[in-house]
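Below: the structure, in structure tokens.
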Amino acid sequence: MSEFVLRDDRDGVATLTLNRPEALNALNIPLFAELREHVSAIAEQTDSVGCVVLRGAGRAFSAGNDLKALGDPAPEPYYQAETIDMIEALPQPVIASVRGACYTGALELMLAAVSINMVAFATYLDPDRFTGVIFAIFVITVAAAEVGLALGIVLRLFRDRRTAMVDEASDLKW
12 MSEFVLRDDR
22 DGVATLTLNR
32 PEALNALNIP
42 LFAELREHVS
52 AIAEQTDSVG
62 CVVLRGAGRA
72 FSAGNDLKAL
82 GDPAPEPYYQ
92 AETIDMIEAL
102 PQPVIASVRG
112 ACYTGALELM
122 LAAVSINMVA
132 FATYLDPDRF
142 TGVIFAIFVI
152 TVAAAEVGLA
162 LGIVLRLFRD
172 RRTAMVDEAS
182 DLKW
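Numbering (the numbering used here), first residue to last: 12 to 185.
This is the structure in structure tokens:
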């Protein structure tokens, strides 16, 4: 079995590493399956795991969805989205260690940990040198990313349904 997601536990920190460096950690169904297994296990280990770090192996966090695997059947509908929801729902704080490429679906992984990133960012800065400027830029960047995602959803909805009325779109209902 390939290990598309590696797990390393040290001192109460579980590090999950997306491990497809040859494909810039592109996201596919087998990677999401392994990620879901690790996240499910971590959710039950609150006594031994106090924090989760999500990172990518090699020179990229993740290039996003694997274009070669588009159309591959998922084990169930909304499998990838539910896996990301599981990351957001973890009782432990999640920190996304992003360096290099971070596109499409990888942005969702990063945003699943974004609010905790801001807390961690503020915590690890030297309070004597922390002016708030860097933190404000970070918050603005995250807000812009969330607005961009929301705009993309509305545009897609309008293109598919010819309406932007959320009440009329059953696609967004659970």
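Each residue gets a CB set at the ideal place from its N, CA and C atoms; glycine is no exception.
- Collapsing the DSSP output to three states places D96 in a helix.
- Look at V109 here: in three-state DSSP terms it is coil, with no helix or strand label.
- In this structure G111 touches A71 by the C-beta definition: roughly 4 Å separates them, less than 8 Å.
- According to the DSSP assignment, V16 belongs to no alpha helix (DSSP H) but to the beta strand (DSSP E) extending over 16-21.
- Closest option to T28, judged by alpha-carbon separation, among K79, Y89, L118, G69: G69.
- Annotated three-state conformation of G75 is coil, per DSSP.
- The straight-line gap separating the alpha-carbon atoms of V16 and I98 is approximately 14 Å.
- Taking 8 Å as the upper bound for CB-CB distance, V105 and V63 are in contact here, some 5 Å apart.
- Excluding sequence positions up to five before and after A123, its CB lies within less than 6 Å of the CB of I95, I98, E99, all in the same chain and listed in chain order.
- For V64, the three-state secondary structure derived from DSSP is strand.
- Burial state of A25 is buried, judged by a 10 Å Cβ sphere holding 16 or more other Cβ atoms.
- Going by beta carbons, L65 and A92 fall outside the 9 Å limit.
- Sequence-distant Cβ neighbours of R47 in its own chain, meaning closer than 6 Å and more than five residues away, are T94.
- Annotated three-state conformation of T152 is helix, per DSSP.
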